[in-house]
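Data first, discussion second: the structure below is written as structure tokens.
Put into structure tokens, the structure is as follows:
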């Protein structure tokens, strides 16, 4: 009986810690320049945040501490999150060309990026300033390439072609 109480306490604490970490990360991703650049990582962070809250409600509000209740929450939120991801996912932005690279920090670039449109043929396009923070987290800012300071940026035009379009095709927009 005491071991079961310790396990429940561990589940509660883990759920609290995971929620405290993942919920603000999702809020920052949604409302600031922070960008989670991998779909799988974004899905896992979203799933953990969405699952931790009902587990905490189940334990604290309803006083329910059964494993079956927790498993029902785990699998039902997985199904809901999977369905939401399938219906709303727009695709990852893929770098086609690194137009400029910062002279002081090589992790800062100005890039031309594209992503496939979900229910149409073609691609959405953007030019952004990207700073790599962690392996799956970037800071993304809109940028006007006509106002780039040449003392801080080197024009590179490195072709990356992450979408893997055939040939030497890169559809750079005119500045």
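In our numbering, the protein residues as written are 994 to 1168.
Glycine is no exception: its CB is placed at the ideal position from the N, C-alpha and C atoms.
If you ignore the 5 residues before and after residue 1030, its C-beta comes within less than 8 Å of the C-beta of 1085, 1086, 1129, 1130 and 1131, all in its own chain and listed in chain order. For residue 1105, DSSP records a beta bridge to 1090 and 1120. Residue 1082 is classed as exposed because its beta carbon has fewer than 16 other beta carbons within 10 Å across all chains shown. Membership of residue 1158 in any beta strand (DSSP E) is not indicated, and neither H nor E is assigned to it by DSSP. For residue 1064, the enclosing alpha helix (DSSP H) stretches over residues 1060-1081.
Here residue 1107 is near residue 1089, since their CB atoms are less than 8 Å apart. Beta-bridge pairing by DSSP links residue 1132 to 1027 and 1124. Note that the C-beta distance between residue 1136 and residue 1126 is not below 8 Å. Cβ neighbours of residue 1101 within its own chain (closer than 6 Å, five residues either side excluded): 1095 and 1124.
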